[in-house]
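This note's numbering numbers the first residue of the sequence shown as 1 and each following residue consecutively.
The beta-carbon is built from N, C-alpha and C at its ideal position, and this holds for glycine as well.
Since we're looking at a predicted model, the values are computed, not measured.
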Amino acid sequence: MSDSTIDSTIRSTRAKLDSTLDAIEDKLNVPKQASALVERTKSSYESNPIPWIVGATAAAIVVAGLVAWAIFSPDDDD
């Protein structure tokens with residue numbers, strides 16, 4: 001293997017490593033990922049709000065049911 005081939009391989013490997021590290025850094029950037037999630041959520045809601053409304057209603061019913069169960073269930077203090 002010639003020196004130029006080795007140098008070329010090293011440069012290529014370093015470029016791939018640099019790209020991989022940039023991708024990992026991007027994935028681990030929590031504020032950036034949170035912002036992207038907010039944007040995807042807004043876009044999803046704006047394109048079709050019905051599933052979001054149904055989901056929010058179902059979640060509210062579940063929470064109300066759990067609160068009612070906690071309030072009205074008999075205490076088992078024997």
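Secondary structure of residue i, DSSP reduced to three states
i, result
"A12", "It should be noted that the sequence gives Ser, not Ala, for residue 12. Correct three-state label for S12: helix."
"D76", "coil"
"S19", "helix"
"S4", "helix"
**Prompt:** In the stretch 25-58, which residue ranges form an unbroken beta strand (DSSP E) of at least 3 residues, counting only runs that do not cross its ends?
**Reply:** Here no run is fully enclosed.
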